[in-house]
Each structure stands twice: as structure tokens, then as C-alpha cells.
Amino acid sequence: MAAILINGGAKTNPTSLQFPVNIGGQFVDSVLYTKNDQSAVYSTFPGLTGGTKGINLDSTNQIYKLGDFNNVQNNTSIILDDVFSTIQLNGVNIVTTGGLHAITTKFLNITVKGTEYCLQLLAR
Amino acid sequence: MAAVTILLFRGVSTNPTSSKLPYNGDGVFRDSMLVQESDKSLYTSYNKDTNAGPQGLSIDNNSFLYEFGDIDGAAGNNRMIVDSGNNEFYLYSDNLMSINGIQSIELNTKEIVLNGSLIYGTTGGIAPFKYLGLTINGSKYKIQLLLP
Chain A
95 MAAILINGGA KTNPTSLQFP VNIGGQFVDS VLYTKNDQSA VYSTFPGLTG GTKGINLDST
155 NQIYKLGDFN NVQNNTSIIL DDVFSTIQLN GVNIVTTGGL HAITTKFLNI TVKGTEYCLQ
215 LLAR
Chain B
16 MAAVTILLFR GVSTNPTSSK LPYNGDGVFR DSMLVQESDK SLYTSYNKDT NAGPQGLSID
76 NNSFLYEFGD IDGAAGNNRM IVDSGNNEFY LYSDNLMSIN GIQSIELNTK EIVLNGSLIY
136 GTTGGIAPFK YLGLTINGSK YKIQLLLP
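One line per chain: the protein sequences are A and B, in this order. The opening position of the first sequence corresponds to residue 95 in the numbering used here, with each subsequent residue numbered one higher. The opening position of the second sequence corresponds to residue 16 in the numbering used here, with each subsequent residue numbered one higher.
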């Protein structure tokens with residue numbers, strides 16, 4: 095793979111570890127970053143607080159995040175943790191406490207580690 | 016990290032398409048699949064030759080909508096949506112209806128498949144009045160939650 099040589103003339107985007115994007119023929123900083131050891135790729139967005147958001151692929155810790163995982167809006171996100179083998183769904187109002195509790199005759203099919211199960215659904 | 020501008024040789028060109036992120040293709044900046052539509056929007060297109068999409072991955076921080084999979088339904092329509100603006104998760108697959116739910120996890124798949132070494136336990140106790148809200152093909156249900 096050939097390297098791209100540098101000297102006077104055209105410019106890369108200004109910020110180290112930030113991916114460039116071509117905007118009107120100029121390389122500017124994109125919203126995508128890499129760690130220097132290439133162990134992680136993540137996005138941040140101007141004007142939004144809370145650090146990384148959108149996507150964070152961290153191969154060192156084997157944690158992969160998608161969504162609003164730094165709670166800019168409603169903290170709705172999915173986090174895959176391959177070390178602890180968990181899938182975490184985050185968000186407000188995921189768990190409900192009110193409504194009907196009547197048993198229905200419907201079930202949610204779910205396969206866990208290759209074994210088929212079903213979960214009984216309640217009315218609400 | 017301090018801002019440092021690296022200068023390129025005269026004659027070196029950017030990748031050809033505005034709004035596309037480049038990659039080094041044998042010493043030439045070429046268009047990648049990644050498209051930055053705005054300061055708050057990033058997505059992958061079908062391939063490096065087109066801006067069409069999003070397809071595969073879409074991050075939209077204008078509406079706080081994050082999508083992964085077959086976003087435009089080109090194949091089996093299998094995709095996941097994290098909608099932080101409306102507090103919703105969506106799972107889509109084939110043979111499905113459109114759905115309109117709020118504050119819930121919406122499942123439109125025939126089946127959910129979970130794989131992982133620690134993904135389930137063998138004991139549990141009732142967690143009073145705690146339920147997981149679901150909307151399945153438009154009908155609202157809940158599942159009683161147990162304590163681990």
C-alpha cells in the first residue's frame with residue numbers, strides 16, 4: 095500500500111486523529127475519530143455535550159455502542175459488551191409499572207444460546 | 016490534541032466527492048463508503064461509488080436517530096433503530112407491519128436470537144410491578160420482570 099507524501103500545496107484536515115472529509119474540495123475535520131493505536135473509532139458532534147456519541151467501537155475493551163450513550167437527548171442506546179457477554183438496552187421509560195396485568199395467550203419467541211424459549215405476554 | 020495541519024505535495028488531490036470521507040487507495044485519496052451529510056449526520060452508503068443511502072449505519076444527531084442494518088429495506092429489511100428522541104428501540108425484519116409506538120421496545124421480528132456466555136440465569140424472583148414494555152406488530156404488551 096503506497097503512502098501519501100506531504101509537502102506544500104493541498105492540506106490535510108487540521109486535527110490529528112480525526113478523519114478528514116472532502117467538503118467542496120478541501121479536507122476538513124469530520125465527526126469521526128480514531129485512537130492513535132487504532133484500537134477504537136468513535137464519533138463526536140459539534141454543539142452536543144457529553145463526549146462521544148453516535149457510535150463508539152472500542153476493540154481494547156470489546157465494548158461497542160450505538161445511540162445516545164452519553165445522554166444528550168433521552169439516553170436511548172444499545173451497548174454490546176463482549177467481555178461480560180451482555181447486551182444492554184438503555185433509555186427512560188423502558189420499564190413500565192402501570193397498566194393491566196392480564197395474561198394473554200400470546201408469547202414472544204426468543205432463542206437464547208441456541209435454545210428456543212417463549213415469554214408469556216401480558217396485556218397493558 | 017493540538018491542531019496540526021499537514022501539507023500535501025502539489026498535485027495531490029482530495030478524494031473526488033464532496034461530503035465523502037477518503038481512504039488511501041494505493042497512494043491516491045479515494046471516496047470511501049462514509050458520508051458526512053452535516054456536522055451532526057454521518058452514514059455509510061452502498062459502496063464507495065455512490066452517496067446513495069444511508070445503508071448499513073446511520074448516525075443522525077439532529078433527530079437523535081441511530082440505525083444499523085438494512086436501513087432502506089434493499090434486502091430483507093433487517094435493521095435496528097435506536098430512537099433517543101422518542102425513547103424507542105425498533106427491531107425490523109421480513110414480513111412485518113409498520114409500527115407506531117411510544118416509550119417502548121418495538122419488536123417486529125419473528126424471533127429474537129440472543130447469543131452469549133452469560134446471557135441468561137437459572138434463578139430469579141418476582142420484581143413487583145416491574146414490567147418490560149413491548150409493542151409487537153402494533154399491539155402493546157408487557158413482560159413481567161424477575162430479579163436475578
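Heads up, the beta-carbon is just placed ideally off N, CA and C, and yes, glycines get one too.
- Comparing alpha carbon positions, the residue from Tyr-58/B, Tyr-156/B, Val-43/B closest to Ile-188/A is Tyr-156/B.
- In this structure the segment 161 to 181 of chain A touches the segment 73 to 88 of chain B; the number of beta carbon pairs closer than 8 Å is three or more.
- Taking a 10 Å sphere around the C-beta of Leu-111/A, we find fewer than 16 other C-beta atoms and assign the residue as exposed.
- Residue state for Gln-167/A is assigned as coil, using DSSP reduced to three classes.
- Here Gly-148/A is buried: its Cβ has 16 or more other Cβ atoms, across all protein chains shown, within 10 Å.
- Lys-147, Gly-148, Ile-149, Leu-160, Gly-161: these are the residues of the segment 143 to 161 of chain A whose beta carbon lies less than 9 Å from some beta carbon of chain B, given in chain order.
- Within the model, the alpha-carbon separation for Ala-90/B versus Thr-124/B is close to 15 Å.
- Contacts between Ser-133/A and chain B, judged by CB atoms closer than 8 Å, are missing: the closest CB pair is about 16 Å apart.
- Per DSSP, the unbroken beta strand (DSSP E) holding Ile-181/A starts and ends at 180 to 184.
- DSSP places Ile-158/B within a strand segment (E or B) once states are collapsed to three.
- Sequence-distant partners of Asn-66/B (beyond 5 residues in either direction) whose C-beta falls short of 8 Å from its own C-beta, in its chain, are Thr-32, Ser-34, Lys-35, Val-50, Ser-60.
- By the neighbour-count definition (other C-beta atoms within 10 Å, threshold 16), Tyr-211/A is an exposed residue.
- Looking from the CA of Pro-108/A, the closest CA among Asp-123/A, Gly-119/A, Gln-214/A belongs to Asp-123/A.
- Of all residues in the segment 189 to 201 of chain A, only Val-189, Thr-190, Thr-191, Gly-192, Gly-193, Leu-194, His-195, Thr-198, Lys-200 come within less than 9 Å of chain B when Cβ atoms are compared, listed by chain position.
- Listed as beta-bridge partners of Tyr-81/B by DSSP are Ile-74/B, Val-97/B.
- Under the three-state reduction of DSSP output, Ala-89/B falls in the coil class, being neither helix nor strand.
- Taking each of Asn-130/A, Asn-184/A, Val-115/A in turn and checking the Cα distance to Thr-154/A, the smallest one comes out for Asn-130/A.
- Per DSSP, Thr-209/A is one residue of the beta strand (DSSP E) stretching across 209 to 217.
- Against chain A, the beta carbon of Asn-102/B has neighbours under 7 Å at Asn-168, Thr-170, Gly-185, Val-186, Asn-187, listed in chain order.
- By the neighbour-count definition (other C-beta atoms within 10 Å, threshold 16), Pro-69/B is a buried residue.
- According to DSSP, Lys-159/A shares a beta bridge with Asn-150/A, Ile-173/A.
- Apart from sequence neighbours up to five positions away, the residues of its chain that approach Ile-197/A with a beta-carbon distance below 7 Å are Gln-214, Leu-216, ordered along the chain.
- With respect to the 9 Å criterion, Tyr-127/A and Phe-139/A are not classified as neighbours on the basis of their beta carbons.
- In chain order, Asp-75, Asn-76, Asn-77 place their CB closer than 8 Å to the CB of Lys-55/B, counting only its own chain and leaving out the 5 sequence neighbours on each side.
- Collapsing the DSSP output to three states places Ser-28/B in coil.
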